[in-house]
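Report on the structure given below.
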Amino acid sequence: MRGDLTATTKSNPAAEVLWSVLAFAFLALAGYAALFVAPTELTMGVIQRIFYFHVPSFWTAFIAIATTTFGSFAFLKTRAMKWDWISVSAAELATAFLTIGLVTGPIWAKPVWGVWWAWDARTTSTFVLWAMYVSYLLLRTLVDEPERRALLSAVVAIFACLDVPLVYFSIWWFRTQHPQPVIGDGGYLDPRMTKVLLFCWGALVALFLIVVRQRYRLEKLRAEVDALRMEAERRGL
Amino acid sequence: MSLPRSTGVILAKELRVELRSRELLSTTLVFVLLVLVLFSFTFDPTSAEARRFGPGLLWLGLLFASSLMLQPSFVREQANDTLSALRMAPIEPFAILLGKIASNVIFLFFVELILLPIFAALYNLAVLPVLGRLLLVLFLGTVGLATTGTVFSAITAQARLRELLLPLLLFPLVAPVLIASTEATVGLLSPEAALDRVWLVFLIAFDVVFLTAAWLFGEYVFEE
Amino acid sequence: MICSHPAGLSLSFAAVEKRFGMRLALRGITLDIVSGEFVALVGANGSGKTTLLRIAALLMRPSAGKVRIGGEGTETGAGIRARCGLVSHATLLYDELTAEENLRFFARLYDLPKTAATCAAALDRVGLSPRARDLVRTFSRGMRQRLSLARAMLASPRLLLLDEPATGLDPAGQSWLGNEIARLHGEGCTILMSTHGQNEVQSAVTRAIRLESGAVAEDSGAHGDVRAILARGGVER
């Protein structure tokens, strides 16, 4: 790049559109499956169908969190900015999926169990996790220099990751000591339900992969524009 | 120079600087006291309720106080760039963090010691019979708060809006400490006066995990 | 004269670059400063002098390139840091402590033997003995600078880095500073000092380097025309 002042990030609009269309088709199919293919649950009725997106949202969020954590370790080890770009992209998506999960939860809970929020172990722990990631994103907006921002957020992400098991255990044990009337998603899953659940999860993972890639490209392009500007400045253009 | 010795030198300096001005200690003390009193207005402190809510409010108060008190520790090192002098010294980088963690533990614990009798009086709680174990829980919880708080205050010292950012980063992270310490305290103050083993081990685990994390990753926080 | 002091440390930069986000503060700096040299660093504000000094002090990581203190086979890490001193814009002193307490703290940190005697001697050398028990907060700029130099010299550094040390000093202070630095140089210490071209140590300087926009614009080398470069560095603002 130094030699000829051109960008290296290639763009292939046709492929981008194709992938996006495929992902959204997948999502649409998943939505259809959740609404029409899965059998209606006995006690909860139609509202239970939200479960097919509620639960996989959390699973996908965990994939995103694992990505951010891995990216943070990789950045500390290699100092290559691309790991920071991956980390922030995954972190934003983790927050998005956690938000979806935390919002669909009450939508499901209110008609079925009569309460918006149950303070059960899993939901409460996830709420704390969501708060950690929101504050991670906030930290990033408050540090201007890219290298320092990457370094500081990597450390925060690693601390957050170490805290996750501690958060879940402490809230779970607290709930065990102070049990509430059982509110949950029920134990038994009809095999058709399991299939639809996994299908929906697949759709969300596909969405995650598409969006994280676009977000990563955005960061990469930003960095490239900055580098080009600096190179031009250096040459006195 | 060995880690314990260099940490000791830095700790001594921290104590000396704070004892000279006493500004942090006094403001923290008053703040937690205020919080405790204000909290007591929100419910009727009858005996049973005080036992249930009191410890939680004490720990909440300490949490808020620590988020105020931890930031100045690093901002002080920015004023005359003494942080650079510390980093240039022939000591292990972790000694800087450890010295500050130790001093924060001491300051917070000191505040807690003064607050404990006041807390016991305000909420009519029988603290003396379980004093030893209660102090242990207080200490372990404080170490957890101070460790994570010190590392994060070193981070937020380099960000804008640091006084707002530190609580935002810290509170979700130390939620487990809040839960464990509160529950252990409630257990101690209950009629059975039992120290829950699970919470005790949990607090120790939290402290070990984050002290290790501070040791492994702490020095990245000072890099320029 | 019997030389009883260990040799000064050498300092070398190999293609050192430093980026702050979009801004390139140092570009391709390659320098070799040999043991015992007294190098004056001149240049306009923003030319990269402070950045260069902080990288030399190992406080800042270069974005590219390498810094090396001492030649082949010199120990790294804490051992090297013990023999470097820095005097910068900031005083690197604790306002809430007395002059004596400040020096004692650093003496202990550097594990110096006979702490009390060393500190008393250091205070005496900079003429601050009468104010030893006073808080640094009460000191004038000139006194703080003297104490700062005392702190930097406490561990008998073999590489002394100074960032515009004469700023804010009156002519008497400047000439005192010049004498002290020249004395250290006489003892074999390697000195790298950034200056706006003031004349306080012109006679002792063995080499002058002018920075412009983060790159080395002029380098007198070991035997070149030091005065000319200093003069040019002085008029540039």
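Protein chains in written order, with the numbering used here: chain A, 1 to 237; chain B, 238 to 461; chain C, 462 to 698. Every residue, glycine too, gets a C-beta built ideally from N, C-alpha and C.
Practice item. Check each candidate in A:L218, A:K195 and A:D226 and name the one with the smallest Cα separation from A:V37. Key: Counting from one through the first sequence, the residue named residue 37 of chain A turns up at place 37. That would be A:K195, whose Cα lies nearest to the Cα of A:V37.
- Query: If you draw a straight line from the alpha carbon of B:G386 to that of B:W452, how long is it in whole angstroms?
  - Reply: The residue labelled residue 386 of chain B in the question sits at position 149 within the second sequence. The residue labelled residue 452 of chain B in the question sits at position 215 within the second sequence. Cα to Cα, the separation comes out at about 14 Å.
Fill in: Selection from B:L437, B:L261, B:F347 and B:F356 that minimises the alpha carbon distance to B:L271
As a first step, residue 271 of chain B must be located in the second sequence, where it is residue number 34. Put simply, of B:L437, B:L261, B:F347 and B:F356 the residue whose alpha carbon is nearest the alpha carbon of B:L271 is B:F356.
Does A:F97 have its Cβ less than 8 Å from a Cβ in chain B? Here residue 97 of chain A refers to the residue found at position 97 of the first sequence. No, A:F97 lies away from the interface with chain B (no Cβ there is under 8 Å from its Cβ).
- Nearest-angstrom Cβ-Cβ length linking C:V666 and C:I490, presumed shorter than 8 Å: Translated into positions along the third sequence, residue 666 of chain C becomes position 205. Translated into positions along the third sequence, residue 490 of chain C becomes position 29. 19 Å between Cβ atoms; not a contact.
C:G482: contacting residues in chain A (beta-carbon distance under 7 Å):
Locating residue 482 of chain C in the third sequence gives position 21, counting from the first residue. Near C:G482 (Cβ distances below 7 Å), the residues of chain A are D144, E145 and P146.
Terminal residues of the continuous beta strand (DSSP E) containing B:V423? Numbered from 1 along the second sequence, position 186 holds the residue referred to as residue 423 of chain B. Counting along the chain, no beta strand (DSSP E) covers B:V423; the unbroken alpha helix (DSSP H) around it starts and ends at A412 to L426.
query: A:Y52: buried (16+ other C-beta within 10 angstroms of its C-beta) or exposed?
result: Walking along the first sequence from the start, residue 52 of chain A turns up at place 52. The residue is buried, with at least 16 neighbouring Cβ atoms inside 10 Å.
*Boundaries (first-last residue) of the alpha helix (DSSP H) holding C:S664*: The residue given as residue 664 of chain C occupies position 203 in the third sequence. Counting along the chain, C:S664 falls outside any alpha helix (DSSP H), and DSSP gives it neither H nor E.
inquiry  = Let me confirm a value: A:Y133 is counted as buried when at least 16 other C-beta atoms fall within 10 Å, else exposed. Which label applies?
reply    = For the purposes of this step, residue 133 of chain A is taken as residue 133 along the first sequence, with counting starting at 1. Buried is the call here.
Requested in this report: Measure how close the beta-carbons of A:L138 and B:Y457 come, nearest whole angstrom, since I'm counting them as under 8 Å.
Outcome: Start at 1 with the first residue of the first sequence, and residue 138 of chain A comes out as number 138. Start at 1 with the first residue of the second sequence, and residue 457 of chain B comes out as number 220. B:Y457 and A:L138 do not touch by the CB rule: their CB atoms are close to 20 Å apart, not below 8 Å.
Tell me whether the region 500–507 of chain C and the region 439–454 of chain B touch, counting them as touching only if at least three CB pairs, one residue from each stretch, are closer than 8 Å.
These segments do not touch.
Looking only at its own chain, which residues have a Cβ that is under 8 Å from the Cβ of C:M462, when we skip the five neighbours before and after it? The sequence position of residue 462 of chain C within the third sequence is 1, counting from 1. With a pLDDT of 45 at C:M462, under the threshold of 50, the modelled position of that residue is not reliable, and no figure is offered here.
Entirely within the region 319–352 of chain B and at least 4 residues each: give me those alpha helix (DSSP H) ranges in chain order. Whole alpha helix (DSSP H) segments, 4+ residues: 319–325.
Taking Cβ positions, are A:Y250 and A:S89 nearer each other than 8 Å?
-> Because chain A spans 1 through 237 in this model, residue 250 of chain A falls outside it and cannot be assessed.
* Asked: Which same chain residues, not among the five before or five after B:E400, have their C-beta less than 7 Å away from its C-beta?
  -> Reading the second sequence from its first residue, position 163 is the one you call residue 400 of chain B. Non-local C-beta neighbours of B:E400 in its own chain, meaning closer than 7 Å and more than five positions away in sequence, comprise Q308, ordered along the chain.
What do you reckon, are the CB atoms on B:F389 and B:P413 nearer than 8 Å?
-> If you number the second sequence from 1, residue 389 of chain B lands on position 152. If you number the second sequence from 1, residue 413 of chain B lands on position 176. At least 8 Å separates the beta-carbon of B:F389 from that of B:P413.
query = Looking only at C-alpha atoms, which of B:G298, B:I328, B:F276 and B:V342 sits nearest to B:S310?
reply = As a first step, residue 310 of chain B must be located in the second sequence, where it is residue number 73. Nearest Cα to B:S310 within the set B:G298, B:I328, B:F276 and B:V342: B:V342.
| said: Give me, in chain order, the residues of the same chain whose beta-carbon lies closer than 7 Å to that of C:P523; leave out the 5 immediate sequence neighbours on both sides. | reply: The residue labelled residue 523 of chain C in the question sits at position 62 within the third sequence. Excluding five sequence positions before and after C:P523, the CB atoms of its chain that fall closer than 7 Å to its own CB belong to V477, E478, K479 and I516, given in chain order.
(Q) Using only the alpha-carbon positions, how far apart do C:A583 and B:L362 sit? (A) Locating residue 583 of chain C in the third sequence gives position 122, counting from the first residue. Locating residue 362 of chain B in the second sequence gives position 125, counting from the first residue. Computed Cα separation, rounded: 56 Å.
**Message:** So that I know if they touch, is there some Cβ in chain B lying closer than 8 Å to that of C:L610?
**Reply:** Position 149 of the third sequence, counted from the start, is the residue given in the question as residue 610 of chain C. Using beta-carbon distances, C:L610 does not count as an interface residue toward chain B, since no partner is under 8 Å.
- Task: Flag B:Q308 as yes if its beta-carbon sits less than 8 Å from any beta-carbon of chain A, otherwise no.
- Result: Here the question's residue 308 of chain B lines up with position 71 in the second sequence. Under the 8 Å criterion on CB atoms, B:Q308 is classed as non-interfacial with respect to chain A.
Whole-angstrom distance between C:L653 and C:E697, CA atom to CA atom:
Residue numbering aside, residue 697 of chain C sits at position 236 when the third sequence is read from its first letter. Residue numbering aside, residue 653 of chain C sits at position 192 when the third sequence is read from its first letter. Reliability fails at C:E697, whose pLDDT of 36 lies under 50, so the model's placement of it is uncertain and the value that follows must be treated cautiously. Those two C-alpha atoms are separated by around 20 Å.
- In chain C, which residues lie less than 7 Å from A:R229 when you measure between Cβ atoms? For the purposes of this step, residue 229 of chain A is identified with residue 229 of the first sequence, where counting begins at 1. Simply M483.
**Message:** With distance defined between alpha-carbon atoms, name the residue in B:L261, B:F439, B:R257 and B:L440 nearest to C:L558.
**Reply:** Here residue 558 of chain C is taken as the residue at index 97 of the third sequence, counted from 1. Its Cα nearest to that of C:L558, the residue B:R257 stands out among B:L261, B:F439, B:R257 and B:L440.
Practice task
Classify C:E697 as helix, strand or coil using the three-state DSSP reduction.
Solution key: Your numbering for residue 697 of chain C matches position 236 in the third sequence. Legend: pLDDT at C:E697 = 36, less than 50; position of this residue unreliable, value from coordinates given subsequently. It is coil, neither helix nor strand.
Given this structure, state the Cα-to-Cα distance separating B:F280 from B:L297, to the nearest angstrom. Locating residue 280 of chain B in the second sequence gives position 43, where the first residue counts as 1. Locating residue 297 of chain B in the second sequence gives position 60, where the first residue counts as 1. For B:F280 and B:L297, the distance between alpha carbons rounds to 15 Å.
| Contact check, B:L305 vs B:T244, beta carbons under 8 Å | Your numbering for residue 305 of chain B matches position 68 in the second sequence. Your numbering for residue 244 of chain B matches position 7 in the second sequence. Here B:L305 is not near B:T244, since their CB atoms are 8 Å or more apart.
**Own chain, CB closer than 7 Å to B:L410, minus 5 neighbours either side, in chain order** = As a position in the second sequence, residue 410 of chain B is number 173, starting the count at 1. Excluding residues within five positions, the ones whose Cβ falls inside 7 Å are T385.
- What beta strand (DSSP E) runs, 3 residues minimum, are completely inside the region 528–563 of chain C? As far as the region 528–563 of chain C is concerned, its whole beta strand (DSSP E) runs of at least 3 residues are 545–548.
Against chain A, with Cβ distances strictly below 8 Å, would B:L402 count as a contact?
On the second sequence, residue 402 of chain B is found 165 positions in, with the first residue counted as 1. Judged by the 8 Å Cβ criterion, B:L402 is in contact with chain A.
* From this set, A:T95, A:R213, A:T40 and A:A15, which residue's C-alpha is nearest A:L129's C-alpha? -> The residue given as residue 129 of chain A occupies position 129 in the first sequence. Closest by alpha carbon: A:T95.
Item to complete: Determine, using beta-carbon pairs with one atom in the region 412–432 of chain B and one in the region 319–329 of chain B, whether at least three such pairs fall under 8 Å.
Response: The region 412–432 of chain B makes no contact with the region 319–329 of chain B: fewer than 3 CB pairs, one atom from each, lie closer than 8 Å.
**Item:** Range of the contiguous beta strand (DSSP E) that encloses C:V477
**Value:** For this step, residue 477 of chain C is matched to residue 16 along the third sequence. It spans L472 to F481 - the beta strand (DSSP E) in which C:V477 sits, taken as one unbroken run.
Looking at C-beta atoms only, is the number of pairs between the region 615–631 of chain C and the region 547–556 of chain C that lie closer than 8 Å three or more?
-> Segments in contact, yes.
### Query
If you measure from the beta carbon of A:D120 to each beta carbon in chain C, is any gap under 8 Å?
Counting from 1 along the first sequence, the entry for residue 120 of chain A is found at position 120. It does not: the Cβ of A:D120 has no partner Cβ on chain C nearer than 8 Å.
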